[in-house]
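Down below is the structure, laid out as structure tokens.
What follows is the structure in structure tokens.
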């Protein structure tokens, strides 16, 4: 299983590289550098400290934002999903605020939390917060009533309810949401790092674009995508370990 | 409340769902009792309130009217003297069989010796299933696991909500006999809700027939020879089946019992 997964990845990369190469031939290497040039530049970049500094800063911002969203949205979603009264109180607020494009709050958030890491982390968290909250709440809502009765009849208390029923029921949905959120978070990270920052892969990429150094720009795209893929895979591995019952 | 000779006494029990102008009456003025080492079957058509009645008796659903007493305790929530087995097994899909079996004992801080655990698994023929998840088991195995989990709580009263309804005939009869072996050996009482006439006759020493028109009990019939594994071949078993079928099909027509 594990080997076939790596094989799938390898085959996908080969196919994408061939398509990329074909497209660069068609469009010209000025506009779309060929994969071999990008690979050579990447091998050069990984020997530079600055490249790793940009990558580390971006990775830190992403992980911190996902962690912050997880720590705030998941407990809230677990409580709302298992408490109809609270859900009724908060549902209008969630439905009103979910469709608002939170990215427009960027100036306000940067004014409130500064131009450093905190403002960027809070903005990314805010954008994925609702996605994670709604998925968690809905996963808990799908809970079979009989399982709740079973827990109560066995003498389970409120803590047991959250620990042995609500949490395991919600976990697969939470992982799905985290995987989807990773893509959103990378996109928002690129946006916030393309303005008002001195470090990060977004800046690295935009800076290369500004200098019309498309080969370096593609190195930035690959690095940013790699962080997303590593996080996506990490959530996948965690889900397979923690939700083994779902995957049999 | 003075002490009662009954293990379970249900008096004037009623349940109405929904507020406002259109409440739905499900049960009205239900009375019955269950003695020690006794068995009671509650039978009736779908939607007559059997499961609601059982959930209220289990303390899982508050009644609108009436009272439930278990020995000297007024039931207002789940009691440690009772265990419940559900139609869809009530197992936790994310826990392995070994964890599912011990969960109630863990919640109630009941010490379960290795011997007791091995004994109940052997009695229910689930000795080699510890590492599996519920969805990897057959329906019969799942219900055995649910029974083992209930038995480890050493209940005075076992409540069963259509526990064998989803099983094929052979597995169902096999599990009914397993239940009676446990009943004889472990000296508890049980109340079983079922829509299956044969099951009610085989297991219930008294049979409560629910009347969907009055939302109450239509009839209670004595069936003293039930509750033994050999009863299925006794002549009384067939006549009781006929009587019960008649009473369910013609609820307002009284007939002398066979």
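Residue numbers (my numbering), protein chains in the order written: chain S, 1 to 248; chain W, 249 to 506.
Glycine is no exception: its CB is placed at the ideal position from the N, C-alpha and C atoms.
Out of the options, which has the shortest C-alpha to C-alpha gap to residue i?
{"i": "residue 486 of chain W", "options": "W:498, W:497 and W:473", "result": "W:473"}
{"i": "residue 371 of chain W", "options": "W:499, W:276, W:387 and W:433", "result": "W:433"}
{"i": "residue 391 of chain W", "options": "W:376, W:365 and W:419", "result": "W:419"}
{"i": "residue 297 of chain W", "options": "W:264, W:379 and W:255", "result": "W:264"}
{"i": "residue 282 of chain W", "options": "W:276, W:360 and W:290", "result": "W:290"}
{"i": "residue 78 of chain S", "options": "S:20, S:199, S:135 and S:204", "result": "S:135"}
{"i": "residue 31 of chain S", "options": "S:244, S:214 and S:221", "result": "S:214"}
{"i": "residue 475 of chain W", "options": "W:454, W:381 and W:254", "result": "W:454"}
{"i": "residue 120 of chain S", "options": "S:158, S:230, S:162 and S:196", "result": "S:196"}
{"i": "residue 109 of chain S", "options": "S:123, S:98 and S:100", "result": "S:123"}
{"i": "residue 299 of chain W", "options": "W:274, W:325 and W:279", "result": "W:274"}
{"i": "residue 295 of chain W", "options": "W:480, W:479, W:469 and W:462", "result": "W:462"}
{"i": "residue 446 of chain W", "options": "W:407, W:292 and W:316", "result": "W:292"}
{"i": "residue 394 of chain W", "options": "W:361, W:331 and W:450", "result": "W:331"}
{"i": "residue 444 of chain W", "options": "W:378, W:492, W:405 and W:479", "result": "W:492"}
{"i": "residue 137 of chain S", "options": "S:225, S:72 and S:10", "result": "S:72"}
{"i": "residue 142 of chain S", "options": "S:206, S:83 and S:212", "result": "S:83"}
{"i": "residue 378 of chain W", "options": "W:350, W:270 and W:359", "result": "W:350"}
{"i": "residue 227 of chain S", "options": "S:209, S:184 and S:210", "result": "S:184"}
How about residue i and residue j: are their beta carbons less than 7 Å apart?
{"i": "residue 314 of chain W", "j": "residue 259 of chain W", "result": "yes"}
{"i": "residue 155 of chain S", "j": "residue 355 of chain W", "result": "yes"}
{"i": "residue 218 of chain S", "j": "residue 178 of chain S", "result": "no"}
{"i": "residue 353 of chain W", "j": "residue 400 of chain W", "result": "yes"}
{"i": "residue 170 of chain S", "j": "residue 148 of chain S", "result": "no"}
{"i": "residue 62 of chain S", "j": "residue 189 of chain S", "result": "yes"}
{"i": "residue 146 of chain S", "j": "residue 336 of chain W", "result": "yes"}
{"i": "residue 285 of chain W", "j": "residue 435 of chain W", "result": "yes"}
{"i": "residue 151 of chain S", "j": "residue 165 of chain S", "result": "yes"}
{"i": "residue 464 of chain W", "j": "residue 329 of chain W", "result": "no"}
{"i": "residue 93 of chain S", "j": "residue 86 of chain S", "result": "no"}
{"i": "residue 204 of chain S", "j": "residue 54 of chain S", "result": "yes"}
{"i": "residue 105 of chain S", "j": "residue 182 of chain S", "result": "no"}
Please return the same chain residues whose Cβ sits closer than 7 Å to the Cβ of residue i, not counting the five positions on each side in sequence.
{"i": "residue 16 of chain S", "result": "none"}
{"i": "residue 327 of chain W", "result": "307, 318 and 321"}
{"i": "residue 76 of chain S", "result": "133"}
{"i": "residue 20 of chain S", "result": "35"}
So residue i packs on residue j, CB below 8 Å; how close in whole Å?
{"i": "residue 368 of chain W", "j": "residue 345 of chain W", "result": "Not really, about 12 Å apart at Cβ, beyond 8 Å."}
{"i": "residue 423 of chain W", "j": "residue 438 of chain W", "result": "About 13 Å separates the two Cβ atoms, so there is no contact after all."}
{"i": "residue 425 of chain W", "j": "residue 477 of chain W", "result": "5 Å"}
{"i": "residue 409 of chain W", "j": "residue 340 of chain W", "result": "Actually they are not in contact, since the Cβ atoms of residue 409 of chain W and residue 340 of chain W sit about 17 Å apart, beyond 8 Å."}
{"i": "residue 199 of chain S", "j": "residue 57 of chain S", "result": "4 Å"}
{"i": "residue 127 of chain S", "j": "residue 103 of chain S", "result": "7 Å"}
What residues in its chain sit with their C-beta under 6 Å from that of residue i, if we drop five residues either side in the sequence?
{"i": "residue 467 of chain W", "result": "457 and 495"}
{"i": "residue 251 of chain W", "result": "Low local confidence applies: a pLDDT of 42 at residue 251 of chain W is under 50, so the model's placement there is unreliable, and no value is given."}
{"i": "residue 125 of chain S", "result": "65, 68 and 69"}
{"i": "residue 245 of chain S", "result": "none"}
{"i": "residue 303 of chain W", "result": "309"}
{"i": "residue 249 of chain W", "result": "With a pLDDT of 41 at residue 249 of chain W, under the threshold of 50, the modelled position of this residue cannot be trusted; read the value that follows with caution. Counting only Cβ-Cβ distances below 6 Å, and skipping sequence neighbours, we find nothing."}
{"i": "residue 130 of chain S", "result": "98"}
{"i": "residue 12 of chain S", "result": "none"}
{"i": "residue 257 of chain W", "result": "281 and 317"}
Within its chain, find whatever has a CB closer than 8 Å to the CB of residue i; leave out the 5 residues flanking it on each side and keep chain order.
{"i": "residue 483 of chain W", "result": "none"}
{"i": "residue 222 of chain S", "result": "38 and 42"}
{"i": "residue 60 of chain S", "result": "117"}
Would the beta-carbon of residue i be found less than 6 Å away from any heavy atom of the ligand COA?
{"i": "residue 332 of chain W", "result": "As for the ligand COA, it is missing from this structure, which has no ligand bound."}
Using a beta-carbon distance cut-off of less than 7 Å, what residues from the stretch 132–161 of chain S approach chain W? 146, 147, 149, 150, 152, 153, 154, 155, 156 and 160
Residues of the stretch 321–341 of chain W with a CB closer than 7 Å to any CB of chain S: list them in chain order, please. 326, 328, 331, 332, 334, 336, 338, 340 and 341
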